[in-house]
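Here the structure comes first, spelled out in structure tokens, and everything after it is commentary.
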Amino acid sequence: MAADSDTESEVFEITDFTTASDWERFVSRVEEVLNEWKLIGNSEEKRLSEKSEFTSGTWEENFEEINFADFKFEITYHFLKQEHVKSNKKEELEEDAVPLAVQNLLSENNDFPPRAHCLVRWYGVQEFVVISPGSNCEAIISESKCNLLLSSISIALSNSGCQVPVFVQIQHKWRRMYAGECLGPGLRTDFEMVHLRKVPSQYNHLSGLLDVFKSKISCTISPVPPVSIAIRFTYILQDWQQYSWPQQPPDFDTPLGGEVGGVEFGKLPFGACEEPISELHLATTWPRLTEGLVVDNDVYSDLDPLQAPLWTVRVRTTENPQCLLGDVLSEFFKLCCIKETAEEILGRGMAEDEGKENSDISSALSKLTEPSATVPIHKLSVSNMVHSARKHIRRQRHMDESPLNAGILNTILLYLFPDAAVEKPSEYTKTKSEQSNTPGKTEQDKNSDNLFSQLKSAPSDSLTYRLALCLSLVNYNYGGLRAVAHVWQEFVLELRYRWENNYLIFGLAGGSPDLRCCLLHQKLQMLNCCIERKRARDDARKVLDEGKERAHRESGSSAAAVTSTKEVSPGKSWDSWSDSEEEFFECLSDQGDMDAPQTEEEKTGSKRKAEGRLHQYNSMNLLNSSEPLYVPVTQEPAPMTEDLLEEQSEVLAKLGTSAEGTHLRARMQSACLLSDMESFKAANPGCILDDFVRWYSPRDYVEEEVVDDTGSLVMKGHLSARMKIPGNMWVEAWETARVTPARRQKRLFDDTKEAERVLHYMAMQKPADVTLHLLPCLIHGTILKLKEEEATENIPSVQISLQQVVSQASRLMQTPARDYKRLEEFINRLIAMETVITQARSLKAKFSICDKAENREDLEIFVRSLLEEPEVLVIGAGQGPAGSIIHRMFVSAQRAAVLAPLDEDLNQERQSTESSRVPDFPSPAGREILLRTCVPRPAPYSKALPQRLFCVLLKDEFRLAGAFSSDTCFF
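First residue of the sequence shown: 1, per UniProt numbering; consecutive thereafter.
Here it is in structure tokens:
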């Protein structure tokens with residue numbers, strides 16, 4: 001047992017000192033990162049930064065994560081991107097290899113850069129590495145941990161030969177405290193920092209700071225090298241009370257007054273409701289001073305801002321100022337997310353009225369059965385009775401239950417339908433339509449036309465465009481969502497009234513719906529097409545009635561009257577005739593049963609009289625006779641909106657690819673072709689299919705030179721190969737086509753059915769749906785407004801942004817499904833442009849820029865630069881034109897801040913005495929003092945190296961950032 005105990009006592013734990021510790025792994029990892037970023041040695045491709053390059057150049061950074069045990073660090077390399085410049089003095093660089101960061105300490109090219117990393121401003125370095133705790137890690141507050149990190153960095157720099165300064169962030173992040181080191185051949189630069197909340201009284205001036213700097217460098221040689229000084233004082237101007245309000249006060253005398261920035265319908269408001277410029281910062285700089293040239297102590301100071309040789313200015317803008325145009329657009333966009341219907345939004349009051357209206361409408365239908373000897377038969381219709389009942393009910397409504405009062409509602413409706421103010425709205429509408437289609441548009445109008453097609457909105461002079469502007473203003477100023485629903489209901493009722501009374505809708509171009517426009521605009525155009533067809537049919541009815549009466553007077557025979565009316569003006573266009581056999585003919589009795597087989601004479605129409613001729617076609621004759629070939633009066637193709645086209649495409653696609661489906665699809669698509677064939681047969685008795693093809697599709701009729709029986713060359717034609725394919729639809733349609741002029745054919749376009757479809761579509765739209773339809777038009781108007789306002793300010797950045805947003809809006813608006821997130825970002829971009837324009841306008845007013853102002857162009861360039869550059873040089877400092885204005889601004893602000901309002905009975909001499917005591921400038925909000933010199937450290941025989949101290953003196957902060965170099969070879 002004793003032997004066993006002795007053996008156990010001799011066993012001891014063996015420590016393997018070859019295993020790397022956490023500290024060693026951390027140092028090694030730092031070296032690896034520096035090597036990966038190629039920061040080893042003194043780079044020959046880097047050069048000393050040039051004048052103002054810190055501000056105008058591009059700063060980039062590299063990022064990595066490293067660990068010290070379980071503690072995470074972030075290591076970041078910041079550097080100024082430069083063009084590679086290879087030096088030919090490689091041997092000189094090796095012998096006198098002063099690190100670039102040490103050279104930057106004495107460089108005066110980039111003192112006080114306005115936009116840079118804080119370490120760049122304090123130490124003037126153009127490349128550096130920062131090691132900081134990770135985002136979820138606690139700050140390094142312990143002094144021992146700080147020293148451990150600094151020693152680790154020193155070892156990593158020494159081992160790798162890196163000459164880029166490395167900083168470690170210590171203390172809490174808000175304090176921006178850094179300690180760092182830079183190593184070079186035979187030298188070391190220590191970066192140290194002091195941060196206090198209050199400025200010590202003995203260091204509140206240049207003299208005290210010079211004492212601190214000299215004591216730190218501990219210069220032992222005599223005489224002491226002079227200290228180079230750069231001073232910058234910053235003054236802040238916040239009082240803009242002496243300048244006018246950004247928006248004019250509301251005009252309460254106007255019908256639509258009472259709102260700040262209120263405008264009449266048809267114009268979008270613009271501008272800020274609050275001051276968009278919050279502060280002006282004036283920096284007065286003395287860039288190159290030497291010790292003893294200027295006095296600044298606790299008793300006296302030579303640093304007068306008016307005498308500073310260098311003035312720079314920057315402005316601080318108000319964060320997210322309220323701008324009218326942006327608010328109108330944003331509030332209108334919010335309506336897209338509301339899913340309630342108009343009846344749900346307007347509430348029970350108006351819903352009950354609608355119920356009463358419906359009951360009155362049903363009772364009105366009974367009036368149709370009552371005899372009425374005084375009302376013409378063609379004016380007695382269900383729609384007229386319905387409209388009369390609605391009109392009566394609307395008069396009975398209490399206006400206090402409506403979101404809009406009668407005055408505003410009438411103003412809105414007259415803006416949307418200005419032709420309602422004249423006696424004959426249809427003639428007024430026609431005149432305006434003709435004027436809108438006249439040539440000679442200005443360049444701005446052409447650009448606007450191109451813009452609406454890009455944005456898929458509507459022309460700027462159209463009803464749809466006016467409706468978008470109107471509803472956006474109603475939503476913003478006159479009741480919000482309920483008012484929008486109210487206006488939309490009245491708008492739909494007005495459309496029905498116009499349809500029932502054959503009044504064309506004002507502000508819409510004639511013809512088929514324009515597929516380049518938004519769907520709502522297409523629907524309105526479709527309704528206008530229906531009204532035009534209905535008016536043409538009513539006009540034709542009047543012609544027939546007059547013909548009957550005239551024939552009755554002349555012959556007394558109703559049969560003769562019918563015959564005469566059938567033969568009136570056979571060459572008139574289709575719009576002059578009735579296109580419904582149901583209204584003008586009992587049936588097609590003269591053509592026999594529709595389903596009965598046709599005889600050869602009926603197919604060709606050789607024994608019939610020609611009907612529906614328009615004019616002769618190119619002096620051609622029919623192939624089987626010497627009769628001229630006439631162009632027939634044909635039906636116009638049915639106009640279609642894009643949703644109907646999509647619906648038709650889906651129906652045709654569902655027919656499939658089978659033989660039966662293909663045949664049915666071809667018949668559906670050939671309805672217009674069949675109608676044209678029937679009209680052609682009626683206009684050209686005895687014609688054949690070849691005659692029709694010669695007129696309808698000349699490329700399918702091939703003419704060739706052939707030799708006849710006599711041996712002479714003659715032209716002979718025949719149908720193309722595709723026309724001879726078995727089962728060709730053209731051949732089948734020609735065989736089934738009857739001899740029927742266009743005026744007696746069944747309508748290809750049923751205007752009554754289509755008009756009711758459009759009106760039903762309108763009535764079923766929710767306010768959110770209407771908003772989505774009109775949003776492209778409002779964005780269109782916003783862009784036009786921005787262009788108009790920018791033209792008076794001439795801001796290059798806004799001009800570039802406008803070009804970009806047009807392209808972006810084109811992509812957003814052309815897609816069927818709206819991306820709400822991207823739309824919101826796009827709207828914010830438009831708001832940002834309005835903000836910039838209002839900022840420019842505010843600065844123009846403050847710098848008194850007008851047409852008669854002296855140095856107007858220089859001041860405009862200066863104001864434009866304030867918005868586009870981080871800091872702007874004031875030419876001539878305090879004696880230049882801009883400097884004089886800035887001086888007067890500070891003087892006015894000082895008088896307003898210091899002098900209390902004096903009573904009128906006080907002596908004027910007292911006022912002048914008080915005014916003379918007020919300084920022109922307030923106390924500087926910030927003072928920055930930069931001290932530099934080159935002295936040997938630590939011994940008198942050491943090499944002279946750069947020393948630098950940057951001092952920041954604020955109201956609640958005192959910071960000293962020093963970079964002190966030491967000779968490590970001779971000390």
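The beta carbon of each residue, even a glycine, is placed where N, CA and C say it ideally should be. Here the structure is a predicted model, which means the values were calculated and not measured.
I'd like the list of long-range same chain contacts for residue 986, defined as Cβ closer than 7 Å, with 5 residues on each side in sequence excluded. As shown, the chain starts at 1 and ends at 971. That puts residue 986 outside it, with no answer to give.
Per-residue burial, W577 [other beta carbons within 10 Å of its own, 16 or more giving buried]: Unreliable placement is indicated for W577, whose pLDDT of 37 sits below 50; no coordinate value is reported for it.
DSSP-derived helix/strand/coil call for P418: helix
N-terminal and C-terminal residue of the beta strand (DSSP E) that Y630 is part of: 628 to 632
Please state the DSSP three-state secondary structure of K456. coil
Residues of its chain near I827, where Cβ-Cβ distance is below 7 Å and the 5 sequence neighbours each way are ignored: Taken in chain order, the residues that qualify are L329, S330, F333.
Give a yes or no on whether the C-beta atoms belonging to V30 and I66 are separated by under 8 Å. yes
Classify S966 as helix, strand or coil using the three-state DSSP reduction. strand
Out of curiosity, what's the CA-to-CA distance linking S457 and Y696? C-alpha separation (whole angstroms): 35 Å.
Unbroken alpha helix (DSSP H) run spanning V33, endpoints: Looking at the DSSP string, the run of the alpha helix (DSSP H) that includes V33 is 22 to 36.
Contact the stretch 669 to 689 vs the stretch 741 to 749: 3+ CB pairs below 8 Å: yes
At which residues does the beta strand (DSSP E) containing S278 begin and terminate? 277 to 290
Note down, in chain order, each residue of its chain lying with its Cβ closer than 6 Å to the Cβ of G292, except the 5 sequence neighbours on either side. none
Measure the alpha-carbon distance for N410 versus W499 and round it to whole angstroms. 20 Å
I'd like to confirm the pairing. Which residues does DSSP put opposite S301 in its beta bridges? The partner list for S301 (beta bridge, DSSP) reads D296.
In whole angstroms, what is the alpha-carbon distance linking N109 and L866? 22 Å
Quick check: the Cα distance between S966 and E824, rounded to an integer number of angstroms? Between the C-alpha atoms of S966 and E824 there is a straight-line separation of about 58 Å.
DSSP state of I140, grouped into three classes? coil
Go through its chain and collect everything with a Cβ distance to residue 988's Cβ below 7 Å, but skip five positions before and after it. Only positions 1 to 971 of the chain appear in this structure, which leaves residue 988 out of reach.
Select from S810, R757, E854 the residue whose C-alpha is nearest the C-alpha of C777. For C777, the nearest C-alpha among the options comes from S810.
Given this structure, state the Cα-to-Cα distance separating L148 from F128, to the nearest angstrom. 20 Å
According to the neighbour-count rule (16 or more other Cβ atoms, all chains shown, within 10 Å of its Cβ), is G612 buried or exposed? buried
For N450, which of A961, K753, L784, Q171 has the nearest alpha-carbon? L784
Compare the Cα-Cα distances from H780 to each of V806, E790, I800 and report the closest residue. Measuring C-alpha to C-alpha distances from H780 to each of V806, E790, I800 identifies V806 as the nearest.
Counting C-beta neighbours from all protein chains within 10 Å, is the total for F63 16 or more, i.e. buried, or is it exposed? exposed
At which residues does the alpha helix (DSSP H) containing S884 begin and terminate? 881 to 898
Whole-angstrom distance between L183 and S158, CA atom to CA atom: 7 Å
Quick check: the stretch 76 to 85 against the stretch 919 to 927, are at least 3 beta-carbon pairs closer than 8 Å? no
Could you give the residue range of the beta strand (DSSP E) that holds V702? 701 to 707
What three-state label does DSSP hand D190 in the structure shown? strand
Sequence-distant residues of its chain with Cβ nearer than 7 Å to D239 (five each side left out): A893, A896, A897
Determine, using beta carbons only, whether I277 and Q839 come nearer to each other than 8 Å. yes
CB-CB under 6 Å to I961, same chain, minus the five flanking residues each way: which ones, in chain order? Sequence check: residue 961 is Ala here, not Ile. Only W122, M193, F950 meet the Cβ criterion.
Per DSSP, which one or two residues make a beta bridge with V313? L282, V872
Test item: CB-CB of L524 and L759 under 8 Å: Not closer than 8 Å, so no.
Any contact of the stretch 304 to 315 with the stretch 860 to 874, i.e. 3+ C-beta pairs under 8 Å? yes
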